[in-house]
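Enquirer: Once you've had a glance at the structure underneath, I'll fire off some questions.
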Amino acid sequence: MDCEQTLVWIHHYMDGGLPQWRMLAVTRHLDDCPPCAQGYRLELHFRSVVATKCTEQAPYNLRQRIAEALACQPPPAAGGLGDVGKGLDSWA
Ligand SMILES: [Zn+2]
165 MDCEQTLVWI HHYMDGGLPQ WRMLAVTRHL DDCPPCAQGY RLELHFRSVV
215 ATKCTEQAPY NLRQRIAEAL ACQPPPAAGG LGDVGKGLDS WA
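In terms of our numbering, the sequence shown has 213 at position 49, counting the first letter as 1, and numbering is strictly consecutive.
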């Protein structure tokens, strides 16, 4: 396994979502490749910070207003751009 392959699989590796043989291959690469091991440690640190610091919730009133605004929006037409695309017809 090379660095590029490790980069592809590292997030699945961190989530434990790889077959065991691939988990072992990534582990072996991390053991032998300091740059990838450092990237792995940084990613672990980043996840840890996000998990511990990003726990605030928006105020109830704000969440309620967003939910109401979203409920008022008609769903976009299938395959279309919805309201965003309406003005574009005149440009064609
Ligand atoms: Zn590497």
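Where a beta carbon is used, it is the ideal one built from N, C-alpha and C, also for glycine.
Assuming the contact rule is C-beta atoms closer than 8 Å, Glu-207 and Met-178 should be a hit. Round their C-beta distance to whole Å, please.
Expert: Position 43 of the sequence shown, counting from 1, holds the residue named residue 207. Position 14 of the sequence shown, counting from 1, holds the residue named residue 178. Glu-207 to Met-178, Cβ: 7 Å. Contact.
Enquirer: The alpha helix (DSSP H) spanning Thr-219 covers which residue range?
Expert: Position 55 of the sequence shown holds residue 219. No alpha helix (DSSP H) holds Thr-219; DSSP gives it neither H nor E.
Enquirer: Can you find the residues in the same chain that come closer than 6 Å, C-beta to C-beta, to Met-165, ignoring five residues on each side of it along the sequence?
Expert: Reading the sequence shown from its first residue, position 1 is the one you call residue 165. Ala-189, His-193.
Enquirer: With DSSP collapsed to three states, give me the class of Leu-182.
Expert: If you number the sequence shown from 1, residue 182 lands on position 18. Coil, per DSSP.
Enquirer: Note the first and the last residue of the continuous alpha helix (DSSP H) segment covering Gln-228.
Expert: Counted from its first residue, the sequence shown places residue 228 at position 64. Looking at the DSSP string, the run of the alpha helix (DSSP H) that includes Gln-228 is 224–236.
Enquirer: My understanding is that Thr-170 touches Cys-200, with C-beta atoms under 8 Å, so please give their C-beta distance in whole angstroms.
Expert: Against the sequence shown, residue 170 aligns to sequence position 6. Against the sequence shown, residue 200 aligns to sequence position 36. Thr-170 to Cys-200, Cβ: 5 Å. Contact.
Enquirer: Does the beta-carbon of Cys-236, which I'm using as the reference point, lie nearer than 6 Å to any heavy atom of ligand 1?
Expert: As a first step, residue 236 is located in the sequence shown; it is residue number 72 there, counting from the start. The answer is no for Cys-236.
Enquirer: Please output, in chain order, the residues near ligand 1 using a CB cut-off of less than 5 Å to any non-hydrogen atom of the ligand.
Expert: That gives Cys-167, Cys-197, Cys-200.
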